[in-house]
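Chemist:
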Amino acid sequence: MVGGVGASICVLTLPLWTGGILFALGDVLDYLDGDLARRQATNSKEGAIFDAALDRYTDFLVIGALTYLTAVLLERHPDFLIGHLSFLTSEAALVLGLAALLGATLTPYVRAKTEAEGKSSVATIGDRGVRNHILVVGLLLSQPIWTLVALAVVANWAAIHRLAHAMRRE
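Note that the sequence shown covers residues 20 to 189 in our numbering.
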């Protein structure tokens with residue numbers, strides 16, 4: 020969570036690559052923390068629930084900051100994008116960001132609901148690890164629009180994939 024807060028602040032204050040570094044460090048620490056808890060048998064259901072909630076907050080902070088930054092850049096500097104994306108507006112950035120947040124929220128929700136109903140969940144290509152890699156690479160390369168596009172597509176693909184699997188009768 021600390022990495023997500025730091026990354027969000029860096030995204031809003033620029034340069035984007037600093038947010039990528041902080042987000043990557045926070046992500047590594049999050050995985051190490053969970054792995055250490057499992058190895059030391061100190062993990063708990065409550066800890067897993069708390070960690071999942073913090074992950075959603077982190078998603079919201081970082082994707083929200085990236086969305087806001089992109090919308091502001093497009094509003095203040097319409098020439099920010101050149102070439103084939105020059106038609107995008109600040110409103111389009113908001114739609115992309117909301118789509119990315121929707122997918123990032125629905126993917127773990129569908130998994131949790133599926134498992135709560137006693138059904139098996141399927142692993143998917145757009146899980147949190149993949150989304151985090153997209154965020155890190157996009158921030159390091161300072162590509163906010165492409166990062167939002169990739170997140171929106173991959174996260175929603177993952178949610179739809181999990182939902183389609185969950186709807187099958189076992």
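All C-beta atoms in this analysis are idealised placements derived from N, C-alpha and C, irrespective of residue type, glycine included. Since we're looking at a predicted model, the values are computed, not measured.
Between which two residues does the alpha helix (DSSP H) containing M186 stretch?
Modeler: Along the sequence shown, read from residue 1 onward, the residue named residue 186 stands at position 167. Unbroken alpha helix (DSSP H) run through M186: 163-186.
Chemist: Excluding five sequence neighbours on each side, which residues of the same chain lie with their C-beta closer than 7 Å to the C-beta of A119?
Modeler: Your numbering for residue 119 matches position 100 in the sequence shown. Same-chain partners within the cutoff: I82, L167, L170, A171, A174.
Chemist: State buried or exposed for V155, treating a residue as buried only when at least 16 other CB atoms are found within 10 Å of its CB.
Modeler: Here residue 155 refers to the residue found at position 136 of the sequence shown. Classification for V155: buried.
Chemist: Can we say the segment 133-140 touches the segment 181-188, given the rule of at least three CB pairs closer than 8 Å?
Modeler: At 8 Å Cβ cutoff, the stretches touch.
Chemist: Go through its chain and collect everything with a Cβ distance to A84's Cβ below 7 Å, but skip five positions before and after it.
Modeler: Indexing the sequence shown from 1 puts residue 84 at position 65. S27, V30, L31.
Chemist: Helix, strand or coil, according to DSSP, for H152 in the structure here?
Modeler: The residue you call residue 152 lines up with position 133 of the sequence shown. Reduced to three states, the DSSP call for H152 is helix.
Chemist: Helix, strand or coil, according to DSSP, for S63 in the structure here?
Modeler: Indexing the sequence shown from 1 puts residue 63 at position 44. Reduced to three states, the DSSP call for S63 is coil.
Chemist: Using CA coordinates, which residue listed in R95, V21, L88 is at the minimum distance from L158?
Modeler: The residue given as residue 158 occupies position 139 in the sequence shown. Selected option, being the one with the closest Cα: L88.
Chemist: Express the C-alpha separation of A111 and Y50 in angstroms, rounding to a whole number.
Modeler: On the sequence shown, residue 50 is found 31 positions in, with the first residue counted as 1. On the sequence shown, residue 111 is found 92 positions in, with the first residue counted as 1. Near 33 Å, if we compare the C-alpha coordinates of A111 and Y50.
Chemist: Going by C-alpha distance, which of D78, A177, D74, P34 is nearest L117?
Modeler: Residue numbering aside, residue 117 sits at position 98 when the sequence shown is read from its first letter. It is D78.
Chemist: Can you find the residues in the same chain that come closer than 8 Å, C-beta to C-beta, to L44, ignoring five residues on each side of it along the sequence?
Modeler: Numbered from its first residue, the sequence shown carries residue 44 at position 25. Around L44: G22.
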